[in-house]
DNA sequence: TAACCTTACGAAAACGTTTGCGTGTGGATA
DNA sequence: TATCCACACGCAAACGTTTTCGTAAGGTTA
């Protein structure tokens with residue numbers, strides 16, 4: 001088991017100084033051609049690779065981006081990561097991914113861990129618990145220490161930093177409008193509780209769309225789900241004997257669960273009830289019927305977020321701080337769950 | 001913007017030496033109670049956090065685990081990561097995740113990057129391209145430098161290291177047996193090309209199960225798919241006018257695509273054709289009908305892999321090398337896509 | 001031959017820690 | 001008063017780099 005070879009070892013072996021080796025490897029003119037070649041040959045032979053840790057310490061930057069997301073087993077977030085990785089790799093950055101598991105404490109721990117030397121900046125979507133507690137001191141602190149943060153999707157309005165979001169309200173409005181334009185009149189919404197920012201925004205979009213069509217929203221057409229894992233029973237009783245002709249679900253799971261419930265209740269999608277979901281994931285694409293949905297373009301979000309972050313990271317320190325909020329356009333993907 | 005505070009700054013501010021500060025923060029008896037309290041108060045005030053990079057350099061270990069997977073947008077792999085994170089966090093390890101995107105080159109780059117100081121050991125599932133090329137020098141090199149590697153799922157038999165796998169053959173056999181026990185006689189398999197190790201193993205399991213039932217396998221009941229993204233057309237023509245009464249698909253995507261194709265061809269699942277898939281992902285659970293499938297217990301795999309790795313990492317250096325292969329039991333999850 | 005200039009290399013500091021050991025100060029002991 | 005011993009702290013090395021600056025050797029010039 002040969003250990004990793006260091007400059008020091010090469011120097012000793014070749015009977016020159018460490019600095020000579022370092023310079024030779026960098027093709028410095030300070031070093032004679034002869035020595036340079038000798039050193040490089042030796043380094044190659046022993047497969048020398050500079051130690052990243054030492055470089056990070058010296059340069060005071062790590063060339064890594066920290067990504068913290070609420071859930072790792074989640075299609076949308078992984079597509080975002082895909083986008084981040086794409087540009088990070090192009091620009092020579094490494095990506096560290098941590099999941100907060102929607103726990104405030106774990107988010108804090110992860111952020112502090114990465115902030116103490118492991119990453120130069122962060123791309124993050126906050127945990128559910130954090131949105132509930134409204135405690136953002138860890139993020140503020142990270143920023144105040146000079147580490148740029150880009151928030152995406154589940155953002156925090158109060159925080160002054162770069163953000164990448166979709167227009168959730170507009171997306172929901174588009175979805176609802178689509179249903180309205182198909183002639184649906186009794187449109188229910190299955191959404192989350194209000195403290196989830198994106199849920200609330202989508203609910204508002206739904207309401208706006210109805211208003212624009214002069215339809216009064218009905219309280220009993222709105223279902224706010226707290227416990228996502230047990231949504232099926234809630235949706236089932238919600239839909240029981242209800243004469244809706246369309247459902248707008250703010251995420252994929254709610255959409256397919258609604259479809260399943262309708263199926264069990266003997267109703268056909270889209271003939272009896274049309275469904276529009278949110279997020280273009282695996283489920284929407286492969287479900288039968290495939291689901292009409294609003295695509296959030298996760299990869300694009302990741303790309304934009306990474307670009308914003310790297311710009312900040314590589315920008316001059318003396319330019320005045322300026323923060324952008326990028327809004328990614330959503331798009332309606334029409335499939336089989338809404339009738340033509 | 002207050003920069004990160006270091007021992008040096010605290011020392012200067014308090015007019016003591018760096019070592020005094022360091023020791024005081026560690027509650028060393030060498031330092032007077034008075035000084036200790038003063039230092040700790042100051043450190044707390046300025047929110048001092050030791051710099052991980054410096055610690056890594058000094059201790060020559062990073063307390064991070066590198067995970068390299070073929071695809072990040074993939075339910076099974078993310079569940080494995082979930083498991084890894086679970087035990088890593090318990091044991092105070094950080095997790096760095098990189099995806100190779102199934103590219104050999106990117107796998108090499110990522111591994112070398114992480115190996116040069118960013119991680120102490122690796123958990124990895126090799127890229128498709130790597131399996132094809134059979135070039136494992138990067139992994140061998142990493143191990144020869146003293147960094148432990150745990151392979152999972154898509155492993156490499158030739159490599160001597162810890163491994164965590166499922167018994168793909170046995171799982172496939174179980175799946176096929178289930179179909180046979182339901183009375184199915186004409187069982188097709190939709191699988192991958194042979195160089196994907198798990199695909200081949202599952203195909204073999206299917207063949208074994210048939211043999212045990214004295215059923216001769218038919219070439220025209222075996223579909224090997226090369227281009228996963230366009231599997232629908234292949235499956236469609238494969239199933240066209242074929243009188244099968246059951247399908248065993250080696251992954252979720254093939255299973256639901258088969259279901260979709262059958263649906264379009266006017267056949268009912270499970271009444272006309274039963275389907276068993278492999279991997280218990282989102283799709284299987286929520287599809288209508290929900291899919292009977294073989295669960296790989298991804299999280300459990302991640303847990304075991306992480307434990308193996310951390311054992312190696314924290315074990316004595318002088319114990320003789322000994323490598324384990326953990327085989328996770330698969331289980332059959334019966335749902336609606338196979339008739340009772 | 002003295003002064004100077006290249007050439008080719010080495011010494012050392014710096015990044016932020018930890019830790020073994022050396023040492024000055026003061027009080028207690030003889 | 002001389003000796004000794006805790007006590008409380010500082011020094012310096014080490015981890016692996018990069019880079020600035022210093023310098024010895026040898027050659028060139030006047």
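Residue numbers (full-length UniProt numbering), protein chains in the order written: chain F, 1 to 340; chain E, 1 to 340. Just so you know, even glycine gets a beta-carbon here, dropped at the ideal spot from N, CA and C.
Contact between the region 184-193 of chain E and the region 236-253 of chain E is present, with at least three C-beta pairs closer than 8 Å. Those residues of the region 117-144 of chain E placed with their C-beta closer than 9 Å to a C-beta in chain F are 117, 118, 141, 143, 144, ordered along the chain.
In the assembly as shown, residue 153 of chain F is a buried residue. Its beta-carbon has 16 or more other beta-carbons within 10 Å.
Spanning the alpha carbons of residue 93 of chain E and residue 283 of chain F requires a straight line of approximately 33 Å. Take residue 162 of chain E, set aside five residues on each side of it, and the residues of its chain with a beta-carbon closer than 6 Å to its own are 150, 308, 323, 324, in chain order. For residue 283 of chain F, the chain E residues whose C-beta falls within less than 8 Å of its own C-beta are 282, 283, 286, listed in chain order. One thing to note: residue 176 of chain E has its Cβ no nearer than 8 Å to the Cβ of residue 270 of chain E. By the neighbour-count definition (other C-beta atoms within 10 Å, threshold 16), residue 314 of chain E is an exposed residue. In the DSSP secondary-structure assignment, residue 278 of chain F is bridged to F/294. From the beta-carbon of residue 50 of chain E, the residues of chain F found nearer than 7 Å are 116. The residues 194, in chain order, have a CB closer than 6 Å to that of residue 200 of chain F in the same chain once the five nearest residues on each side in sequence are set aside.
Under the Cβ distance rule, residue 276 of chain E does not count among the residues neighbouring chain F, no pair being separated by less than 8 Å. Per DSSP, reduced to three states, the secondary structure at residue 121 of chain F is strand.
Counting only Cβ-Cβ distances below 9 Å, residue 154 of chain E has no contacts in chain F at all, with the closest Cβ about 18 Å away. Judged by beta-carbon spacing, residue 68 of chain E lies beyond the 8 Å limit of residue 78 of chain F, meaning their Cβ atoms are not closer than that value. Annotation: Cβ neighbours of residue 260 of chain E in chain F (cutoff 8 Å, chain order): 286, 288.
For the pair of segments examined, the region 110-125 of chain F was found to touch the region 40-60 of chain E: the number of CB pairs separated by less than 8 Å reaches three.
Under the DSSP definition of a beta bridge, residue 97 of chain F partners with F/67. Beta-bridge annotation (DSSP): residue 164 of chain F is paired with F/152, F/326. Residue 32 of chain F sits in coil when the DSSP states are folded into three classes, being neither helix nor strand.
Interface criterion not met: the Cβ of residue 336 of chain F is under 8 Å from no Cβ in chain E.
Excluding its 5 nearest sequence neighbours in each direction, residue 281 of chain F has C-beta neighbours in its own chain below 7 Å: 75, 76, 252, listed in chain order.
Residue state for residue 127 of chain E is assigned as coil, using DSSP reduced to three classes. The region 253-268 of chain E makes contact with the region 229-242 of chain E: 3 or more CB pairs, one atom from each, lie closer than 8 Å. The beta carbons of residue 126 of chain F and residue 156 of chain F sit about 6 Å from each other, so the pair counts as a contact at 8 Å. The DSSP-derived three-state label of residue 180 of chain E is helix.
Counting only the Cα atoms, residue 327 of chain F lies some 24 Å from residue 190 of chain F. If you compare the alpha carbons of F/209, F/103, F/32 with that of residue 131 of chain F, the shortest gap goes to F/103. With a contact defined as Cβ atoms closer than 8 Å, residue 148 of chain F and residue 312 of chain F qualify at about 4 Å.
Sequence-distant partners of residue 83 of chain E (beyond 5 residues in either direction) whose C-beta falls short of 6 Å from its own C-beta, in its chain, are 299, 302, 303. Counting along the chain, the unbroken alpha helix (DSSP H) around residue 235 of chain F starts and ends at 231-239. The beta-carbon distance between residue 171 of chain E and residue 294 of chain E, rounded to whole angstroms, is 5 Å. This is short enough to meet the 8 Å contact definition. In terms of Cα proximity to residue 259 of chain F, the closest of E/192, E/278, E/287, E/272 is E/287.
Residue 85 of chain F reaches chain E at 72, 98, 99, 101, counting residues in chain order whose Cβ is nearer than 9 Å. In the three-state scheme derived from DSSP, where H, G and I count as helix and E and B as strand, residue 309 of chain E is classed as helix. The beta-carbon of residue 297 of chain F is placed no less than 8 Å from the nearest beta-carbon of chain E.
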